[in-house]
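Worksheet for the structure shown next.
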Ligand SMILES: [Zn+2]
């Protein structure tokens, strides 16, 4: 009897978690076999090999040697470049790798001398020349010890951010064997610890060149499962940090967001929801936690310069951080070992977090262009909601998904397919939030577009 009761409770709990944590689409949208295959190729052994190699450079401080062949950031970035070049050999010419360097002058903050900075970049060029969209995954190659100005001490940086760079490499290895209509960019930034310098340099450049970067998935500290102090061990959850109100928002736009209650619907938050839905579709035993802030207290990340320039970016980080193993000189004090070493990482967890990135990047790069001119009719008082948008050529899109959620729900709750360019729904626009996605024949959906009011 007792057993039966416990069982029914478990069933109820499961049913409940399906209602509250997953969108309905989870139960109806089939996985794209190509993405599923790539996800299955993500290897914890590969990831471990990359992290161990990165640690072997002793320090990857941005201020360390750029000319020493064995130790320092110069040797590390050359190695990442070499890996990209090796992957390029299996890409039929689609993957191109380069080291983008710039010499920055000394500043009064974290550069005490003029410094040669180098971002390592690989482009997987899209196969559709008319598709200008770019999707990007990043981590930072530089590491630090307790004193951010120290350039000689060991600074292994296994998890911060060997984990992020390993994810970038593994995604490049697997994805470069396949083709996608849109372009994918794989990046290891330099200068993160010295003040997000490499990201700032690249974000400015992309803005100047008017590159259509639709989404940046920045990965920083994502391979350890064990919090210090609270001693929580869990490798089934990962955080996606997303900014609420855009940093560059104008007063006029802010007024509109206030009156329609859209403060929770900026582009980074839509990207975060997308990662939760698509990532959980492809990666088993991983729950994406949406964190409604752009980063943690006292910390920042490479997504920020991109957000400040109006690009859509989020940060992916582990759920339970261990501050004994970040930004610390290697030492033992009162039986506590400090330092960012490989032995404190969980490569099965890093595998899942890498697969999360890969599945979302692939789904985005295979998706049709976002629907254009999405409008919601507000001419009359009505309990129906009428939406319309511009169609897409048949070869590009199978149709569209209309997304619906209550204004207080963090995730989309209904996902309705239509092959038409308009829909009338018996859900009042006063009570729900709506968006529209384009969807391909393989169920790859675009980022959602919120309607504008059509008076
Ligand atoms: Zn970091």
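Numbering (our numbering), first residue to last: 106 to 560.
Positions of the beta carbon are idealized from the N, C-alpha and C atoms, including for glycine.
Keep in mind it's a predicted model, so treat the numbers as computed, not measured.
Item                                                                                                                                                            : Value
What residues come near ligand 1, if near means a beta carbon less than 5 Å from any of its heavy atoms?                                                        : 265, 266, 325
Keeping to the same chain, check which residues put their C-beta closer than 8 Å to that of residue 186; ignore five residues upstream and five downstream.     : 202, 203, 204, 225
Check each candidate in 363, 405, 339 and name the one with the smallest Cα separation from residue 297.                                                        : 405
Considering just the uninterrupted stretch of the alpha helix (DSSP H) at residue 144, what are its terminal residues?                                          : 138 to 146
Skipping 5 residues on each side, what residues in its chain have a beta carbon closer than 6 Å to that of residue 376?                                         : 320, 417, 419
In the DSSP output, which residue or residues are listed as bridge partners for residue 242?                                                                    : 291, 322
Where do the ends of the beta strand (DSSP E) carrying residue 223 lie?                                                                                         : 220 to 229
Take residue 513 as the anchor and find which of 536, 519, 529 has the nearest alpha-carbon.                                                                    : 536
If you reduce the DSSP assignment to three classes, tell me which class residue 259 lands in.                                                                   : coil
Count the CB pairs spanning the region 220 to 237 and the region 281 to 295 that are closer than 8 Å, and state whether there are at least three.               : yes
According to the Cβ coordinates, are residue 249 and residue 347 closer than 7 Å?                                                                               : no
I'd like to know whether the C-beta atoms of residue 304 and residue 400 end up nearer to each other than 7 Å.                                                  : no
How would you call residue 337, buried or exposed, if buried means at least 16 neighbouring beta carbons within 10 angstroms?                                   : exposed
I'd like to know if residue 357 contacts chain D, where contact means its C-beta is closer than 7 Å to some C-beta of that chain.                               : Considering every chain present, this structure includes no chain D. It has just one protein chain.
Which residue marks the beginning of the beta strand (DSSP E) containing residue 232, and which one marks its end?                                              : Per DSSP, residue 232 belongs to no beta strand (DSSP E) and is neither H nor E.
Unbroken beta strand (DSSP E) runs of length 3 or more, entirely within the region 472 to 513: which are they?                                                  : 480 to 482, 490 to 493, 504 to 511
I need the DSSP call for residue 516, collapsed to helix, strand or coil.                                                                                       : coil
Whose C-alpha, out of 147, 427, 192, 383, is nearest the C-alpha of residue 136?                                                                                : 383
Going along the chain, which residues of its own chain have a beta-carbon closer than 6 Å to the beta-carbon of residue 195, five neighbours each way excluded? : 282
Have a look at the DSSP bridge pairing and note the partners of residue 437.                                                                                    : 442
By alpha-carbon positions, which one of 274, 451, 409 ends up nearest to residue 184?                                                                           : 274
Considering only DSSP beta bridges, list what residue 342 is partnered with.                                                                                    : 392
Quick check on the DSSP output: the beta strand (DSSP E) that includes residue 201 runs from which residue to which?                                            : 200 to 209
Looking at the unbroken beta strand (DSSP E) that takes in residue 532, where does it start and where does it end?                                              : Note, residue 532: premise wrong, no beta strand (DSSP E); not H, not E.
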